[in-house]
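Let me begin by presenting the structure, written as structure tokens, before commenting on it.
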Amino acid sequence: MLKVEQLQKGLKKQIILNNITFEIKEGEIFSLFGHNASGKSTLLKILSGIMKPDSGNIFLNGKDIHKNNKVKKDICAVFQENIVPSGFKTIDFLLFYSKIVKSPYRKKDIISLAESYGIKNEDMKKKITHLSGGTKKKIEFLKSIINKDALFHLFDEPTIGFDPESQKMAWDHIRSLKKEKKIILLVTNMRNELNELADTKKIITDGKIKDFREGKTMKILKFTVKNWKKEIKEKIEKIEGVEKVVVKTELDKIKNDIQQKFGNANIKVVDLSNTDISVDDVLEKLGIEKTQVATMENKELKHVIEVYTNDNIETVQNDVLKTFVEYKVQILSMEVN
């Protein structure tokens, strides 16, 4: 059994995981549904032993994974972001991985396995850095098949980019792990994958795990606005039915405009719009003359506000619009996804 107790993690004064507690039994596929910035990536890094929590405990069959390094050999993590070393040739990496997990898979077995997932023979000879994103994902997934002794298998969006045949094979493999009484955590935003595989369905949002509400689809209200103030985000987050609020600026566009104008000049673009730091504070700290700095007032910037909700979309939308009016936010566009 995997037992997670009161897991807490913060980064840069922001709470990422907030008192998370759950259990996964042997032979159970425990599924987490979660959007970007929900806290899932941090949770997966902690569960795989890559990152330590600020507080709380994780026990795999009664052993604390962060106090007993030997337990980590019982964990196989298949990440969404491919972490296979890019300098390896494909076959060399899979052989190396097979060796360190003491797998019975040998070179001919690995080549046959890769071929069954549509990985071409010439791709097995290439350096991983030269492969397509879909092929890299498949190589990452093959780790779970090769690592036959792992007790806890962690999958993060395992079949995104897979062709239908490879996806079916991957799902069959995950089902086979269930029959072998392995402990399985499946993180996915694919509804069909969730419905095909999951025994237990949960959703992670704003660092908390909640029950997954069937029949209700997460909707996103997307606003493009001006005159944004950072305190509005907290106000919207308190609206009933709001699961998460994501704020994006047009900083990338500004960077591109500056680079096009000044070429390869040594220019640094910094966004202070969602902080309590003033430009003068930064200049004083760095000892930079103000004449060397171009500033843009926050009211001139466009912000994209994404409001995630599972509840009545019209009610949430009206409450958000009332908040914008209260803070004199200028709305440029609005859409529902």
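Count the sequence shown with my numbering and you get residues 1 to 337, in order. Note that beta-carbon positions come from the ideal geometry of N, C-alpha and C, so glycine has one too.
**Item:** Beta-carbon proximity of residue 199 to residue 28, cut-off 8 Å
**Value:** Here residue 199 is near residue 28, since their CB atoms are less than 8 Å apart.
**Asked** Who are the Cβ neighbours of residue 194 in its own chain at under 7 Å, not counting the five residues just before and after it?
**Response** 31, 33, 188, 201
**Request:** Using the Cα positions of residue 141 and residue 226, report the straight-line distance between them to the nearest angstrom.
**Result:** 43 Å
**Request:** Report the rounded CA-to-CA distance for residue 130 versus residue 120, giving the unit in angstroms.
**Result:** Each residue's CA atom was taken as its position, placing residue 130 and residue 120 some 13 Å apart.
**Item:** Three-state secondary structure assigned by DSSP to residue 244
**Value:** strand
**Request:** Indicate the three-state DSSP secondary structure (helix, strand or coil) for residue 159 in the structure shown.
**Result:** coil
**Asked** residue 95 bridges to which residues according to DSSP?
**Response** Beta-bridge pairing links residue 95 to no other residue.
**Asked** DSSP three-state call for residue 334: helix, strand or coil?
**Response** strand
**Asked** So does the region 67 to 75 actually touch the region 230 to 248, counting three or more Cβ pairs closer than 8 Å?
**Response** no
**Prompt:** How many angstroms separate the CA atom of residue 274 from the CA atom of residue 125?
**Reply:** Any reading at residue 274 is ruled out, since the residue's pLDDT is 48, under 50, leaving its predicted position unreliable.
**Asked** By a C-beta neighbour count over all protein chains shown, 10 Å radius and 16 as the cutoff for buried, is residue 87 buried or exposed?
**Response** exposed
**Message:** Would residue 219 and residue 303 qualify as a contact pair, given that the criterion is a beta-carbon distance under 8 Å?
**Reply:** no
**Request:** Let me know the secondary structure DSSP gives residue 310 once reduced to three states.
**Result:** coil
**Prompt:** How many Å lie between residue 92 and residue 72 at the Cα?
**Reply:** 23 Å
**Message:** In the DSSP output, what is residue 29 paired with across the bridge?
**Reply:** Per DSSP, 184.
**Request:** Grab the span of the beta strand (DSSP E) containing residue 211 for me, first residue to last.
**Result:** 208 to 211
**Segment limits, alpha helix (DSSP H) that includes residue 224** = First-last for residue 224: 219 to 226, but that is the beta strand (DSSP E), not the alpha helix (DSSP H).
**Prompt:** In or out: residue 291 buried (at least 16 other Cβ within 10 Å) or exposed?
**Reply:** Any reading at residue 291 is ruled out, since the residue's pLDDT is 49, under 50, leaving its predicted position unreliable.
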